[in-house]
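Chemist: Take this structure, written in structure tokens, and hold onto it; I'll ask about it next.
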Amino acid sequence: MSFGGSVQAMIISIRNNARPKKNIFRSRNKDHVNLHSEESNLEYKTVSEAELKQIKKKIRANARKENRKLKIWVLIISIPILIAIYFVIQNRIDNFHEDKRIEAIEKQKAIDAIELAKENKILYLLKDGTKWLNTGQYKNAKTQYYKAYKIESEDYRINYANAKAYVLDCIENNVRCITAERMVKGLKEKYGDKAEILDLEQLLEQK
1 MSFGGSVQAM IISIRNNARP KKNIFRSRNK DHVNLHSEES NLEYKTVSEA
51 ELKQIKKKIR ANARKENRKL KIWVLIISIP ILIAIYFVIQ NRIDNFHEDK
101 RIEAIEKQKA IDAIELAKEN KILYLLKDGT KWLNTGQYKN AKTQYYKAYK
151 IESEDYRINY ANAKAYVLDC IENNVRCITA ERMVKGLKEK YGDKAEILDL
201 EQLLEQK
């Protein structure tokens with residue numbers, strides 16, 4: 001008897017547990033029906049032309065505002081990039097100019113070195129020619145002066161020394177006097193009436 005009562009109690013318990021599930025399902029169906037019922041009862045509000053224009057105006061204003069914000073952000077981001085690009089380009093330009101400046105300096109140094117070597121050679125030949133001139137060795141003096149003349153034909157020092165050698169050789173040895181006169185005349189035409197040129201001219205006149 002006790003076993004039969006226990007089985008009966010289990011059946012009742014199962015039925016009781018099953019009923020709420022049916023109620024929940026029905027409740028869900030009822031809610032779904034109610035939702036559709038509420039949606040069908042919704043009223044759609046119509047918007048007037050003036051209100052529609054106002055809405056469009058607000059949308060455009062917001063769009064312009066967002067566009068301005070975007071431009072500002074682009075500007076904020078672009079400025080540092082542009083500055084960096086400027087400095088990179090400027091640095092390359094400065095380096096290029098510096099390289100050119102150094103190259104010009106090196107070229108000038110090379111030119112100065114050549115000019116200095118040439119000047120030293122001329123001074124040596126003039127000094128050596130004067131040594132021969134002072135000892136009456138006019139041929140040797142002329143040779144040295146001619147070498148200097150080949151280096152720099154427009155140098156007054158060389159042309160004067162060479163003319164002087166010819167004048168003294170003419171006076172003392174009566175050698176190539178016409179050449180001496182022509183050289184003195186050329187000095188006067190080219191360099192003017194300098195005192196030392198006039199002295200050479202006077203020596204020839206007194207011969």
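Start counting the sequence shown at 1; every next residue gets the next number (full-length UniProt numbering).
For glycine and all other residues, C-beta sits at the position ideal for the given N, C-alpha and C.
Pick helix, strand or coil for Ser-78, following the three-state DSSP scheme.
Modeler: DSSP places Ser-78 in helix when its eight states are reduced to three.
Chemist: Would you grab the beta carbon distance between Tyr-145 and Ile-158 for me? Rounded to a whole angstrom, and I think it's under 8 Å.
Modeler: The pair is a contact, with the Cβ atoms about 6 Å apart (cut-off 8 Å).
Chemist: For the alpha helix (DSSP H) containing Val-167, list its first residue and its last residue.
Modeler: 156-173 is the span of the alpha helix (DSSP H), which, as asked, contains Val-167.
Chemist: Quick check: the stretch 153-167 against the stretch 186-194, are at least 3 beta-carbon pairs closer than 8 Å?
Modeler: Counting Cβ pairs under 8 Å, three or more are found: they touch.
Chemist: Indicate whether Val-167 and Leu-125 have their beta-carbon atoms separated by less than 8 Å.
Modeler: Not closer than 8 Å, so no.
Chemist: Alpha carbon to alpha carbon, what distance is there between Lys-121 and Glu-201?
Modeler: When rounded, the distance between both Cα atoms is 29 Å.
Chemist: Please classify Ile-93 as buried or exposed, where buried requires at least 16 neighbouring CB atoms within 10 angstroms.
Modeler: Under this definition Ile-93 is an exposed residue.
Chemist: What do you reckon, are the CB atoms on Ala-148 and Ala-163 nearer than 8 Å?
Modeler: No.
Chemist: If you run the structure through DSSP and keep just helix, strand and coil, what is Lys-207?
Modeler: Note: Lys-207 maps to coil in three-state DSSP.
Chemist: Would you call the CB atoms of Lys-118 and Glu-154 closer than 8 Å?
Modeler: Not closer than 8 Å, so no.
Chemist: Quick one: what's got a C-beta closer than 6 Å to Lys-142's C-beta in the same chain, skipping five residues either side?
Modeler: Only Ala-165 meet the Cβ criterion.
Chemist: Helix or strand or just coil, what does DSSP make of Glu-152?
Modeler: Coil, per DSSP.
Chemist: Suppose contacts are defined by Cβ-Cβ distances below 8 Å. Is Ile-197 in contact with Leu-187 by that definition?
Modeler: Yes.
Chemist: Should Gly-136 go down as buried or exposed, given a rule of 16 or more other Cβ atoms within 10 Å for buried?
Modeler: Result: exposed.
Chemist: So for Glu-196, helix, strand or coil by DSSP?
Modeler: It is helical.
Chemist: When we look at the beta-carbon of Leu-75 and count the other beta-carbons within 10 Å, is it buried (16 or more) or exposed?
Modeler: Classification for Leu-75: exposed.
Chemist: Buried or exposed: Asp-169, going by 16 or more other Cβ atoms within 10 Å of its Cβ?
Modeler: It counts as buried.
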